[in-house]
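Mapping to my numbering: the sequence shown position 174 is 175, numbers consecutive.
Each residue gets a CB set at the ideal place from its N, CA and C atoms; glycine is no exception.
Note that this is a predicted model, so its numbers are computed, not measured.
Beneath this line is the structure, given in structure tokens, with notes to follow.
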Amino acid sequence: MALIEIKDVSKVYGFGDATTIALDEVSIDIEKGEFIAVMGPSGSGKTTLMNILGLLDKPTHGSYKLSGRKVSKVGKNRRAKVRRDNIGFIFQSFNLLPRLTILENVALPLAYKGVTQTKRLKTAARTLEQVGLSEREYYLPNQLSGGQLQRASIARALVNGPSIIIADEPTGNLDSVSARVVMELLSDIHKMGNTVLMVTHNPSLTRYASRILYMLDGSIVYDEATAVGQMPDRVQRAVNSLRKSTDDEKLANVSAMIETMPEPAEAAKKPPKKTKKKRTRTKRSKK
Ligand SMILES: Nc1ncnc2c1ncn2[C@@H]1O[C@H](COP(=O)(O)OP(=O)(O)O)[C@@H](O)[C@H]1O
Ligand SMILES: [Mg+2]
Numbered sequence: 002m003a004l005i006e007i008k009d010v011s012k013v014y015g016f017g018d019a020t021t022i023a024l025d026e027v028s029i030d031i032e033k034g035e036f037i038a039v040m041g042p043s044g045s046g047k048t049t050l051m052n053i054l055g056l057l058d059k060p061t062h063g064s065y066k067l068s069g070r071k072v073s074k075v076g077k078n079r080r081a082k083v084r085r086d087n088i089g090f091i092f093q094s095f096n097l098l099p100r101l102t103i104l105e106n107v108a109l110p111l112a113y114k115g116v117t118q119t120k121r122l123k124t125a126a127r128t129l130e131q132v133g134l135s136e137r138e139y140y141l142p143n144q145l146s147g148g149q150l151q152r153a154s155i156a157r158a159l160v161n162g163p164s165i166i167i168a169d170e171p172t173g174n175l176d177s178v179s180a181r182v183v184m185e186l187l188s189d190i191h192k193m194g195n196t197v198l199m200v201t202h203n204p205s206l207t208r209y210a211s212r213i214l215y216m217l218d219g220s221i222v223y224d225e226a227t228a229v230g231q232m233p234d235r236v237q238r239a240v241n242s243l244r245k246s247t248d249d250e251k252l253a254n255v256s257a258m259i260e261t262m263p264e265p266a267e268a269a270k271k272p273p274k275k276t277k278k279k280r281t282r283t284k285r286s287k288k
């Protein structure tokens with residue numbers, strides 16, 4: 002039994018003429034202990050997929066089983082409980098509360114459990130130590146660097162002891178040195194046996210992953226296992242062709258390059274859909 006099993010999951014936003022199919026009948030099994038890197042252009046459905054897998058959002062259609070239990074149709078409260086017990090989130094923009102100290106931010110997810118405040122702060126302090134941020138406990142978020150903020154938000158994600166970590170572009174706002182620190186932490190979390198799902202625009206970060214997904218227009222068009230520490234040939238080729246450039250933006254465009262190199266075998270696997278609803282091509286927000 003896979004840890005995560007989703008079958009024919011779709012997510013449709015809007016009504017009538019203005020609907021967007023953010024996810025189009027996506028099916029995937031994820032085993033415990035995988036480190037999955039999700040790539041794909043802006044608007045391809047990566048965040049929508051992460052939010053559904055992380056139980057922040059519900060699919061419009063399709064089924065989702067977590068550890069063999071069906072969670073696609075459970076009510077809001079139940080979903081929130083399953084989420085808090087199993088899943089930790091890391092966001093590109095950190096999402097720390099500005100008026101709380103770093104320690105209080107990290108302790109926050111423990112509040113629902115009825116743990117005493119002393120115990121909450123103690124656990125939070127221990128988790129901050131794990132990410133090397135003990136000396137910043139009593140600082141406010143605006144007194145920390147981006148890299149420190151992301152480490153604090155990793156501590157917040159870990160404080161409940163979840164076994165699944167979902168990171169949506171965790172290094173998107175970081176310089177390369179801080180990004181590396183964050184990736185090493187995620188890698189440690191993975192090595193401890195946890196499952197990590199990470200969205201990234203940076204192909205070189207796929208070397209931390211054990212499996213790479215590539216999304217396009219709400220579908221997974223590429224799904225390949227890879228050895229941790231290595232980049233698959235296809236990603237490597239795309240990176241090499243841009244090697245002379247130091248421009249980060251060009252590197253991010255590797256995503257688009259992968260898209261133009263369909264693997265014939267992969268493409269053939271996907272049967273054509275006869276009654277595919279046309280996607281609206283309204284403005285896509287640029288990231
Ligand atoms: N809350 C929403 N309401 C309407 N459309 C949305 C909403 N969230 C996402 N979308 C649309 O769904 C598609 C997928 O978005 P998203 O999952 O954020 O993609 P990605 O993370 O790959 O950039 C996009 O076309 C986006 O505009
Ligand atoms: Mg996104």
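In the three-state scheme derived from DSSP, where H, G and I count as helix and E and B as strand, A19 is classed as helix.
In this structure, the straight-line span from the alpha carbon of A153 to that of L4 is close to 27 Å. A Cβ-Cβ distance of about 5 Å is found for the pair Y140 and I103, placing them in contact under the 8 Å criterion.
CA-CA distance, P42 to T20, rounds to 20 Å. The C-beta separation of P142 from L97 comes to about 4 Å, placing the pair in contact by the 8 Å criterion.
Around the beta carbon of Q144, fewer than 16 other beta carbons lie within 10 angstroms, which makes this residue exposed. Ranked by Cα distance from T128, the first of L186, Y223, D58 is L186. Taking the CA atoms as reference points, V178 sits about 11 Å from G147. DSSP, read as helix, strand or coil, puts A156 in helix. Secondary structure within the region 10–56: the beta strand (DSSP E) runs of 3 or more consecutive residues, fully enclosed, are 21–31, 36–40 (chain order). A Cβ closer than 5 Å to some heavy atom of ligand 1 marks a residue here, and those residues are Y14, T21, A23, S43, G44, S45, G46, K47, T48, T49. Here G55 has R84, I88, F90, I167 as same chain residues with Cβ atoms under 7 Å from its own Cβ, once five neighbours each way along the sequence are excluded.
Contact check between the region 6–20 and the region 57–69: three or more CB pairs, one atom from each, fall below 8 Å, which counts as touching. Between Y209 and Y215, the gap from beta carbon to beta carbon reaches 8 Å or more.
S64 sits in a strand when the DSSP states are folded into three classes.
In this structure Q93 does not touch N203 by the C-beta definition: roughly 12 Å separates them, more than the 8 Å allowed. For E130, the uninterrupted alpha helix (DSSP H) run begins and ends at 118–131, by DSSP. In this structure, the beta-carbon distance from L206 to V160 does not fall below 8 Å.
Taking C-beta separations shorter than 6 Å and ignoring five residues to either side along the sequence, the partners of D30 in its chain run A3, E6, following chain order.
If you check the CB distance, D169 and T48 come in under 8 Å.
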